[in-house]
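Peer 1: I have a structure here, written as structure tokens, and I will follow up with some questions on it.
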Amino acid sequence: SQQGEEDPQALSIQEGENATMNCSYKTSINNLQWYRQNSGRGLVHLILIRSNEREKHSGRLRVTLDTSKKSSSLLITASRAADTASYFCATGGDYKLSFGAGTTVTVRA
Amino acid sequence: EPEVTQTPSHQVTQMGQEVILRCVPISNHLYFYWYRQILGQKVEFLVSFYNNEISEKSEIFDDQFSVERPDGSNFTLKIRSTKLEDSAMYFCASTGLASYEQYFGPGTRLTVT
Chain U
3 SQQGEEDPQA
13 LSIQEGENAT
23 MNCSYKTSIN
33 NLQWYRQNSG
43 RGLVHLILIR
53 SNEREKHSGR
63 LRVTLDTSKK
73 SSSLLITASR
83 AADTASYFCA
93 TGGDYKLSFG
103 AGTTVTVRA
Chain A
1489 EPEVTQTPSH
1499 QVTQMGQEVI
1509 LRCVPISNHL
1519 YFYWYRQILG
1529 QKVEFLVSFY
1539 NNEISEKSEI
1549 FDDQFSVERP
1559 DGSNFTLKIR
1569 STKLEDSAMY
1579 FCASTGLASY
1589 EQYFGPGTRL
1599 TVT
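If you read the protein sequences in the order shown, they are chains U and A. Residue 7 in the working numbering is what sits at position 5 of the first sequence, and the numbering runs on without skipping anything. Residue 1545 in the working numbering is what sits at position 57 of the second sequence, and the numbering runs on without skipping anything.
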């Protein structure tokens, strides 16, 4: 299975702080994606990083990928209350995504 | 901005009944997917659909499940005889050609009693 597994399971931070979460996976990948899920809602695509990329930025998001360690990290800078959600890494090919169990991030005002 | 829509938002059914969950993918997308998420658990892949046929399916997607694209816009998931353990959120997703980013609908919460 290519499933990613996130760490930590839960994270509680103060507004304005940075949040970092990690993802490990098992097999070779072409790309790795990060998704956000607000409580009881659908998943929203955040960012995709290809296997030949080491780092990617999108707004307040920074993703790194280390294919030698089969791991990725997602950094959210200057967190806001609206960032409270679950974050999932996902790996897969053309026809499916395999998700990890996610990191639940709570941003306290 | 185009979005994936799903109906109904919540479906309650009795064990053994058939249910059909409906999805309208983004109009120019070509790959369609169903996932489910049991409460408190991870999102699990069920099936993918391309060019009017199933591309890949998981072990969960047994003979009780079927998918269909009855017209140019709808994509449906049918569960023929629901079980208690089918209670979950079911998400539809779609992807355009040459893209790995999947766009998810808001989900249908299925409750089997």
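We put the CB at the ideal spot given by N, CA and C, even for glycine.
#1: Can you tell me which of the three DSSP states Glu1547 of chain A falls into?
#2: According to the Cβ coordinates, are Arg62 of chain U and Ile49 of chain U closer than 7 Å?
#3: For Gln16 of chain U, which residues does DSSP report across the bridge?
#4: Hey, out of U:Val109, U:Arg82, U:Ser74, whose CA is closest to Lys2 of chain U's CA?
#5: Please decide whether His47 of chain U counts as near chain A, where near means a Cβ-Cβ distance under 7 Å.
#6: Who are the neighbours of Lys98 of chain U on chain A, taking C-beta pairs under 8 Å?
#7: Note down the Cα distance separating Val1638 of chain A from Leu1572 of chain A, rounded to an integer number of angstroms.
#8: Mark Thr1601 of chain A as exposed unless 16 or more other C-beta atoms lie within 10 angstroms of its C-beta, in which case mark it buried.
#9: Quick one: Cα of Asp68 of chain U to Cα of Asn1562 of chain A, how far?
#10: What does the alpha-carbon distance come out to for the pair Met23 of chain U and Glu8 of chain U?
#11: Judging by CA-CA distance, which residue of U:Lys98, U:Gly94, U:Thr105, U:Val109 is the nearest neighbour of Arg52 of chain U?
#12: State the Cα-Cα distance for the pair Leu76 of chain U and Glu1506 of chain A, rounded to the nearest angstrom.
#13: Using the C-alpha atoms, what's the distance from Thr1599 of chain A back to Glu55 of chain U?
Peer 2: Inspection of the coordinates gives the following:
#1: coil
#2: no
#3: U:Arg110
#4: Because chain U is modelled from 3 through 111, residue 2 of chain U falls outside the range shown and cannot be assessed.
#5: yes
#6: Tyr1521, Phe1533, Ser1536, Glu1544, Ser1546
#7: The structure shown does not extend to residue 1638 of chain A, since chain A spans only 1489 to 1601, so no value can be given for it.
#8: exposed
#9: 39 Å
#10: 7 Å
#11: U:Gly94
#12: 41 Å
#13: 42 Å
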